[in-house]
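Residue 553 is where the sequence shown ends in the numbering used here, and the numbering goes up by one at each step.
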Amino acid sequence: NNGPFTYNWKGFNFIISNNLKKSLYDAASSYGADNLFLAPDINLRWGTKWMDSLRTANYDGYLQECAEFVTAFAIQWRDSFNLVPKYIMIFNEPLNGNNELLNATAQDLANITKAVGSRLRKEGFPDTKILLPNSETVAAAYNEASVVLADTAARKYIGAIGYHSYPYGSTYSDINMILSSSGSGIPTPSDTSIRY
């Protein structure tokens, strides 16, 4: 609907989310796994591509729609399964790799983080933190997270920094390379320095 503060529950597709709960979370939790995090990725290329035109026409409305989209999944898990996520991953390769936020900037990541974080608090999730930015490389994640963390209003909602070990051929994307470097006690300095 056109109201980002009114949830139209029939407009959300929770099929994959429900299947993950049944097939993955329930199985893992029976073995003691309890570190739940959700990943309702804001994705202007595929899943939420209708938001792209809104971003240009009404940026504040776009931010609130992003917040509604993410928070709906947290509400659904809380109200349907009595499970509250410790973390929520709102992006996957937003500015690189898949480029899922289409021409966005790191400041856009901060603005969305503030909108989502604020909405989570208003909807009764005082302890759920955002895991971001989940970018294609460690360097990209570091650079993007630095911008978001520099924004004090956004920083209070961040709980973890995520990244991918791409590109393929890099040390941490290949098990044999991992075993011959870090696995042997000799990590590759260029691959580990940014993590410190």
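Glycine residues also receive a C-beta, built at the ideal position from the N, C-alpha and C atoms.
- Of all alpha-carbon atoms in T549, E501, T363 and R512, the one lying nearest the alpha-carbon of A461 is that of E501.
- For a cut-off of 8 Å, the C-beta gap from P361 to E425 is around 5 Å, short enough to register as a contact.
- In this structure, the beta-carbon distance from D409 to L377 does not fall below 7 Å.
- With a contact defined as Cβ atoms closer than 8 Å, V495 and Y514 miss out at about 22 Å.
- When the five nearest sequence neighbours on each side are left out, the beta carbons in the same chain lying within less than 6 Å of the beta carbon of R512 are those of L506, in order along the chain.
- Taking C-beta separations shorter than 6 Å and ignoring five residues to either side along the sequence, the partners of M534 in its chain run T528, following chain order.
- Take S538, set aside five residues on each side of it, and the residues of its chain with a beta-carbon closer than 8 Å to its own are T528, P544, T545 and D548, in chain order.
- The residue from A467, F448 and K379 with its alpha-carbon nearest to that of W403 is F448.
- Going by DSSP, P546 is part of the alpha helix (DSSP H) stretching over P546 to T549.
- Around the beta-carbon of A472, 16 or more other beta-carbon atoms lie within 10 Å, marking it buried.
- One Cα belongs to A414, the other to D436, and the distance between them is close to 33 Å.
- Around A463, the same chain offers E501 and V504 as residues with beta carbons nearer than 6 Å, after the five sequence neighbours per side are excluded.
- Closest in alpha carbon position to I487, among F371, N375, A396 and K379, is A396.
- The residue among D508, G526 and I445 with its C-alpha nearest the C-alpha of D484 is I445.
- The C-alpha of P442 is placed about 26 Å away from the C-alpha of N456.
- Counting along the chain, no beta strand (DSSP E) covers I373; the unbroken alpha helix (DSSP H) around it starts and ends at I372 to L377.
- Assigned with DSSP and collapsed to three states, A517 falls in strand.
- Assignment of K471 by DSSP, reduced to helix, strand and coil, places it in the helix class.
- Separation of I532 and N359 (C-alpha to C-alpha, rounded to the nearest whole angstrom) is 47 Å.
- Under the rule that a run must span 4 or more residues, the alpha helix (DSSP H) segments found entirely inside the stretch 402 to 454 read 408 to 414 and 416 to 438.
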